[in-house]
Amino acid sequence: MDKILYGLKNNRSFAIASFFVALLILIAAAATLIAPYDPYEAIMANAYLPPSSEHLFGTDKLGRDNFSRVLFGAAYSLSSVLLLVVLIFIVGTSLGVIAGYFGGKTDIVIMRVADMMISFPGMILAIAIAGILGGSLINAMIALIIVTWTKYARLARSMVLKVKERDFVTAAIVNGGKPLHILWQHILPNILPLMVITAAADIGAMMMELAGLSFLGFGSQPPAPEWGLMLNEGRQQLQTAPWLMVFPGLAIFLTVVVFNLWGDALRDVLDPRQEDN
Amino acid sequence: MKKIYKSAAVATMMGLLTFAVAGCGDDKATPVSNEKLKFGVTNFADSLEPTDNFFGWVVMRYGLGECLSRFDDKMNVVPWLAESWQISDDKLTWTFKINDKAVFSNGDKLTAEIAKESIERAFKNNTRAQSFFTYAEITADGQNLMIRTDKPVPTLPGMLADPLFIIIDTKVTDRDYAKEGPICTGPYMVKSYSKSKAEMVANPNYWDGTVPFKAVDIPTIDDPNTRAMALQSGEIDFAINIAAGDLDLFKNDKYKISEIASLRTVLAQMNMNEGRPLADPKVRAALISCLDRETYNKVLLKDTFIPGKAPVPPSLDYGFDQLNDPNSYNVERAKNLLAEAGWQDTNGDGYVDKNGKNMELDFVYYSGRAELPLYAEATQADAKKIGIKVNMKNVDYNVLDPMRRNGEFDLIISNILTANSGDPEVYLNWYWKTNVNGSQPQNSTGYSNPEFDALSDQLAVEFDPAKRRDLMIKMQQILLNDGVALFFGYPKTNMVSKASVQDADIKPADYYWLTKDIKPAQ
Numbered sequence: 001m002d003k004i005l006y007g008l009k010n011n012r013s014f015a016i017a018s019f020f021v022a023l024l025i026l027i028a029a030a031a032t033l034i035a036p037y038d039p040y041e042a043i044m045a046n047a048y049l050p051p052s053s054e055h056l057f058g059t060d061k062l063g064r065d066n067f068s069r070v071l072f073g074a075a076y077s078l079s080s081v082l083l084l085v086v087l088i089f090i091v092g093t094s095l096g097v098i099a100g101y102f103g104g105k106t107d108i109v110i111m112r113v114a115d116m117m118i119s120f121p122g123m124i125l126a127i128a129i130a131g132i133l134g135g136s137l138i139n140a141m142i143a144l145i146i147v148t149w150t151k152y153a154r155l156a157r158s159m160v161l162k163v164k165e166r167d168f169v170t171a172a173i174v175n176g177g178k179p180l181h182i183l184w185q186h187i188l189p190n191i192l193p194l195m196v197i198t199a200a201a202d203i204g205a206m207m208m209e210l211a212g213l214s215f216l217g218f219g220s221q222p223p224a225p226e227w228g229l230m231l232n233e234g235r236q237q238l239q240t241a242p243w244l245m246v247f248p249g250l251a252i253f254l255t256v257v258v259f260n261l262w263g264d265a266l267r268d269v270l271d272p273r274q275e276d277n
Numbered sequence: 001m002k003k004i005y006k007s008a009a010v011a012t013m014m015g016l017l018t019f020a021v022a023g024c025g026d027d028k029a030t031p032v033s034n035e036k037l038k039f040g041v042t043n044f045a046d047s048l049e050p051t052d053n054f055f056g057w058v059v060m061r062y063g064l065g066e067c068l069s070r071f072d073d074k075m076n077v078v079p080w081l082a083e084s085w086q087i088s089d090d091k092l093t094w095t096f097k098i099n100d101k102a103v104f105s106n107g108d109k110l111t112a113e114i115a116k117e118s119i120e121r122a123f124k125n126n127t128r129a130q131s132f133f134t135y136a137e138i139t140a141d142g143q144n145l146m147i148r149t150d151k152p153v154p155t156l157p158g159m160l161a162d163p164l165f166i167i168i169d170t171k172v173t174d175r176d177y178a179k180e181g182p183i184c185t186g187p188y189m190v191k192s193y194s195k196s197k198a199e200m201v202a203n204p205n206y207w208d209g210t211v212p213f214k215a216v217d218i219p220t221i222d223d224p225n226t227r228a229m230a231l232q233s234g235e236i237d238f239a240i241n242i243a244a245g246d247l248d249l250f251k252n253d254k255y256k257i258s259e260i261a262s263l264r265t266v267l268a269q270m271n272m273n274e275g276r277p278l279a280d281p282k283v284r285a286a287l288i289s290c291l292d293r294e295t296y297n298k299v300l301l302k303d304t305f306i307p308g309k310a311p312v313p314p315s316l317d318y319g320f321d322q323l324n325d326p327n328s329y330n331v332e333r334a335k336n337l338l339a340e341a342g343w344q345d346t347n348g349d350g351y352v353d354k355n356g357k358n359m360e361l362d363f364v365y366y367s368g369r370a371e372l373p374l375y376a377e378a379t380q381a382d383a384k385k386i387g388i389k390v391n392m393k394n395v396d397y398n399v400l401d402p403m404r405r406n407g408e409f410d411l412i413i414s415n416i417l418t419a420n421s422g423d424p425e426v427y428l429n430w431y432w433k434t435n436v437n438g439s440q441p442q443n444s445t446g447y448s449n450p451e452f453d454a455l456s457d458q459l460a461v462e463f464d465p466a467k468r469r470d471l472m473i474k475m476q477q478i479l480l481n482d483g484v485a486l487f488f489g490y491p492k493t494n495m496v497s498k499a500s501v502q503d504a505d506i507k508p509a510d511y512y513w514l515t516k517d518i519k520p521a522q
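If you're matching them up, the sequences are chains A and B in order. Residue numbering for the first sequence follows the working numbering, beginning at 1 and increasing consecutively. Residue numbering for the second sequence follows the working numbering, beginning at 1 and increasing consecutively.
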């Protein structure tokens, strides 16, 4: 925490990126207040209106206000992506820590399963899983968790193996520390910074993958205002109503860029390479 | 790693922009010569075996196969490989006279014997043949083909126009029909075929005039947007079914648009089985009444669909204008009907409920056709206005069919050809005749009306066209009164060609695409 506060004061790029992240979250949180229309309200006589002062981003195929939908999409997409990253982080890290600390058969089982998952191309496997489960946001998230946890598990395991050899862990074991206590008090704090950085840098990628699944019809279902889904819905009108693709596309682009820059800057702030100094 | 994602994000955006810019580029219009024609299509067939699945459609669409009869622009049955036909006095034997000029592309003469074997082959290989008619005996004598049936089959000549009954040279047995196609009588022959691309060449022995192009390439471009772009860029010379949104791009003198009302109906069947909310006729009437079908078709689909009302589209003359839809658009009436049926929003969540349960309807649809998700979403939005919650279930087409048969839906969408045999008899029976132990597998909705069934039985043996028409109008009125389905609209279909292609006209029947009439403009 101290490092982050220090970073906000002294690392300009981190401060700027953090400002934009905060702004995004604020927009998402205040979507209901900012949005001029109900994003679900279909006034079909107004379908395909180009951007104007009344409808900033135009209207979509059912006459819904595109600006309101992009705003609500921020809340919808951001919250689901943040939840997704937290879930992946928890699942992956805990499995990795267990494998690394206990070793032996537990390690073999967990890591071989992880190896199996890695041997498939990620997005394709996610499409297959989401396809079998049926299209919904929850199922798309489950598919992405199944595909992505291995990265965190492998990273966490290798860090645990390194930390486990340290004298303070041995001392804790000699003092009769229970595994849970040792993991929680001595190991986790030491691996956490790198894990958090990985997670932060993953937000952008996860956002793209979740939007990708929705675009393909395996994620959010209509009428949800999800950016990936909106892209797909606008695709048919690419030449005649381009605003239906441009604005959700721009929203995804900006969000991903902001979170990636923030993830990069966060790494500089928390740089684990300096922890030995 | 994240660098990669970042560049991926940038690349996507750049790609998107390039795409948009490419669309704005100049339309290239290289004139078409008689050397080669390029035709952009949608294709579902991975084989050219005409009796397999619905693949016969593709055999006919690509100018390869022909039938004994065909439908003209008004859906009248007219001679094709058979030059005439007549029925015996006992109404049980049809005699077809095969055109003496007809030859296959390998030079073999088409005899009644070959036609007989060809039709028998269709019956042997595909059970769908029996849903048209069953025969007692087929006999051949020179150029005369006799088909005897146990019951009178008034529309038999029209049924034989279905691509399932394409006439193939049964003397040839050493071909791989899936990849090379059968030997047929059409203006073009297969040079190579795969689902993604077909190369056709002129049939040197064509029996019915000259073949205008030496070669025709038929790439499969399933995405409507990509198809439109391929036509703009000159990659293809003409295309089938340009989407509603893109049609405006071709309304200039570089292109010709041929558009007609098709014989298709887009409808959603309603599940009226015991325990389903739609079992109550008032709820069904309310749901139909709340849909603003006029706007769906005129605004959302930009007038490329005709607003729906009755089972049979107005392009077929079966009383569309005289039929009365008791459930035309009226939101107030819909709300009242729901209230009368005991559905009210007692907990204030915006959805009507009864006995503490909200009304929720599962709407099963697929997105292979661009209009289906739109109708489904529009229904969801309009139903919400009267307090009915519609849950969307987007499934693959292969999943949809078993769901229909098993009745796993409240609403299920279809885009169907209504005139399989030249008139809508088969279609009306398929969807609404009482399903007795699986006799009508398409009707899993539980709909059964003895009055309708009685008319259907009369229709089955009626030869007089005027009486047949009357019967089918009465049948439709019963369906409208009972509120059996949401009839969304009737698609117009189109073919868009470069101005240098002549007579690329879309026909009402869905399987005449590449014909001998399409030629380079003079």
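The beta carbon of each residue, even a glycine, is placed where N, CA and C say it ideally should be.
Under 7 Å by beta carbon: chain B residues contacting residue i
i	result
Ala99(A)	Under the 7 Å cutoff, chain B gives no residues; its nearest Cβ is about 22 Å from Ala99(A).
Cutoff 7 Å; reference residue i; Cβ partners in own chain excluding five residues on either side
i	result
Lys385(B)	Cys290, Val331
Asn420(B)	Asp162, Val426, Tyr427
Phe57(A)	Pro51, Asn66, Phe67, Val70, Trp243, Phe247
Ile288(B)	Asn327, Gly483, Leu486
Any chain B beta carbon closer than 7 Å to residue i
i	result
Ala47(A)	yes
Met44(A)	yes
Thr240(A)	yes
Gly122(A)	no
Gly73(A)	no
Gly103(A)	no
Gly58(A)	no
Gly284(A)	Residue 284(A) lies beyond the residue range present for chain A, which begins at 1 and ends at 277; the question has no answer from this structure.
Gly92(A)	no
Gly234(A)	no
Gly219(A)	no
Residue i: contacting residues in chain A (beta-carbon distance under 9 Å)
i	result
Val266(B)	Here the premise fails: no neighbours, minimum Cβ distance about 16 Å.
Within chain A, the residues that residue i reaches when beta carbons sit closer than 7 Å
i	result
Glu377(B)	Leu62, Pro222, Pro223
Val299(B)	Met44, Ala45, Ala47
Ser328(B)	Simply none; closest approach about 17 Å.
Reduced DSSP secondary structure (H/G/I, E/B, other) of residue i
i	result
Ala29(A)	helix
Asn481(B)	helix
Glu199(B)	strand
Tyr523(B)	The structure shown has nothing for residue 523(B), since chain B only spans 1 to 522.
Asp276(A)	Confidence is the limiting factor: at Asp276(A) the pLDDT is only 44, short of 50, which leaves the residue's position unreliable and the question unanswerable from this model.
Trp513(B)	coil
Phe55(B)	coil
Residues near residue i by beta carbon distance below 6 Å, same chain, minus five either side
i	result
Asp517(B)	Asp503
Ile114(B)	Thr170
Val172(B)	Ile183
Leu49(A)	His55, Gly58, Thr59
Gly107(B)	Asn205
Between the CA atoms of residue j and residue i - distance to the nearest angstrom
i	j	result
Lys251(B)	Ile257(B)	7 Å
Ile138(A)	Ser220(A)	8 Å
Ile98(A)	Ala205(A)	26 Å
Phe320(B)	Pro307(B)	12 Å
Lys467(B)	Gln458(B)	10 Å
Thr111(B)	Asp317(B)	36 Å
Gly23(B)	Thr226(B)	With a pLDDT of only 48 at Gly23(B), under the threshold of 50, the placement of this residue in the model should not be trusted; the figure read from the coordinates follows. Cα-Cα distance, rounded: 10 Å.
Glu49(B)	Ala334(B)	49 Å
Ile127(A)	Leu210(A)	11 Å
Ser88(B)	Pro157(B)	14 Å
Val283(B)	Met195(A)	55 Å
Contact with chain A by residue i, beta-carbon distance below 7 Å
i	result
Met392(B)	yes
Trp343(B)	no
Asn225(B)	yes
Ala45(B)	no
Residue i: contacting residues in chain B (beta-carbon distance under 8 Å)
i	result
Leu237(A)	For the record, residue 237(A) in the displayed sequence is Gln; it is not Leu. What Gln237(A) touches in chain B: Gly245.
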